[in-house]
Amino acid sequence: MTTPLTAWRIERYGPPEVLTPVTRVMPTPGPTEILIRIRASAVTRADGMMRAGRPLFARPFLGLRRPRRNLSGTGLSGEVIAVGNRVNRFAVGDAVFGEAGIRFGANASHICLDETNVLMKKPSALSHEEAAVMCDGPLTSYHFLHEVAQVRPGQRVLILGGSGSLGTAAVQIAKAAGAHVTATCSTRNTAFVAGLGADRTIDYTQADFTTLPERYDVIFDALGLSSFGKVKARLTQSGRYLCPVLTLPVLGAMLQSRLIGRRRALFAAAGLQPPAILCAHLAQLLAMVEAGTLSPVLDRVYPLTDLVEAHRHVETGHKRGNVVVV
Ligand SMILES: NC(=O)c1ccc[n+]([C@@H]2O[C@H](COP(=O)([O-])OP(=O)(O)OC[C@H]3O[C@@H](n4cnc5c(N)ncnc54)[C@H](OP(=O)(O)O)[C@@H]3O)[C@@H](O)[C@H]2O)c1
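With the numbering used here, letter number 252 in the sequence shown gets 259, and the count goes up by one each step, no holes.
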């Protein structure tokens, strides 16, 4: 194919301005690959960390001096425009969504991916913008709440940061699992987070949840702003502190909590699960979408040409739900 492909390259680790648009030759799908015309792709906190090369201890994996995989973006949604001769799961014309994973390159006009990647057919109940963010907040929060904490009906769950990408999904997923859900958020987001299904909200600008008497079976620190030490007294005897942000203190708390007591601190890299498992989780999430218990939250939609601006907005730490480029 001679049509060029537009993508974004990360020239070096740094602020959003290191992102540079590039034109590449359109790939031809290999035997088990599909070529996707991307309609929408996610811009996430994790994408910002890859771009900035943070945390520093991740650089042996990301690339020491500059990103080893230097294209930007993972979550995507679009349509299949060509398939390899051994592709079984998809056909030309299918609407699909999923993620490029550690291959990156989803903030682009097109991408070629092996059909065994985390890819699913997109239901009509989801727009491309909504589908593009399913592998960030929804898939991550599903993994933490269902696989790591195994939340059961009637349990008390506290979501720290109920208005972000992970938080908006976590509130809905915990509620659908039958939990009693409390979420922290700011004054401006209180009604919004209650509307997602939180039974109770705590305005973090007015109150410190650690000084309140309630105890929780699960505390999901979606933004990694608290710590096991701070929340421990708010956990039930066998309560779980879940943190999706890996830091040395979180690692230390994981080790320590394994040795002492029944409360646990737990981290997981949700996206590193095998694709078959992630696809099974996405199928569960799609069932929730069909049932009306999950609706991905979109904050801002930018044109693909404004990726730098989209990264700047994500970096404020104040987005509500998710950001996409189209
Ligand atoms: N382990 C994994 O597998 C995995 C996967 C994906 C992401 N992550 C990580 O998860 C983290 C969360 O990402 P995200 O996209 O969900 O974050 P986000 O959307 O950027 O979070 C922004 C939201 O947090 C709220 N907020 C800010 N300060 C707060 C506070 N002190 N208390 C309560 N809410 C507060 C903001 O509300 P206001 O504007 O009203 O303050 C805003 O709505 C990132 O560090 C990301 O790297 C981990």
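Positions of the beta carbon are idealized from the N, C-alpha and C atoms, including for glycine.
None of these values were measured; they are calculated from a predicted model.
Lys-129 and Pro-145 have their C-alpha atoms roughly 15 angstroms apart. Between the region 60 to 77 and the region 38 to 49, the count of Cβ pairs shorter than 8 angstroms is below three; the stretches do not touch. The three-state secondary structure of Asn-196, taken from DSSP, is helix. Residues of the same chain with a CB within less than 6 angstroms of the CB of Gln-162, apart from the 5 flanking positions on each side, are Ala-186 and Asp-224 in chain order. Looking at Arg-110, Arg-195 and Leu-292, the one whose alpha-carbon comes closest to that of Thr-147 is Leu-292.
The criterion of a C-beta distance shorter than 8 angstroms is not satisfied by Phe-199 and Ser-172. With a cutoff of 7 angstroms, Lys-326 counts as near ligand 1, since its C-beta is closer than that to a heavy atom of the ligand.
If you check the CB distance, Leu-305 and Asn-329 come in under 8 angstroms. When the beta-carbon positions are compared, Asn-196 and Arg-307 stay at least 8 angstroms from each other. Of the residues Ile-88, Arg-93, Glu-106 and Ala-107, the one whose Cα lies closest to the Cα of Val-99 is Ile-88. In the DSSP annotation of this structure, the continuous segment of the beta strand (DSSP E) that includes Ser-48 starts and ends at 40 to 50.
Residue environment for Arg-159: exposed (fewer than 16 other C-beta atoms within 10 angstroms of its C-beta). The three-state reading of DSSP puts Arg-265 in helix, counting H, G and I together. Positions of the beta strand (DSSP E) runs, each at least 3 residues long and wholly inside the region 162 to 210, are given as 163 to 167, 187 to 192 and 207 to 210 in order along the chain. When the alpha-carbon of Leu-232 is set against those of Thr-208, Leu-167, Leu-289 and His-288, the nearest one is in Leu-167. For Arg-269, the number of other beta carbons within 10 angstroms of its own is below 16, and it is reported as exposed.
In this structure the region 149 to 157 does not lie against the region 120 to 136, because fewer than three pairs of beta carbons, one per stretch, are closer than 8 angstroms. The residues Phe-235, Arg-270, Arg-271 and Ala-272, in chain order, have a CB closer than 7 angstroms to that of Ser-264 in the same chain once the five nearest residues on each side in sequence are set aside.
Among the bridge pairs identified by DSSP, Asp-313 is matched with none.
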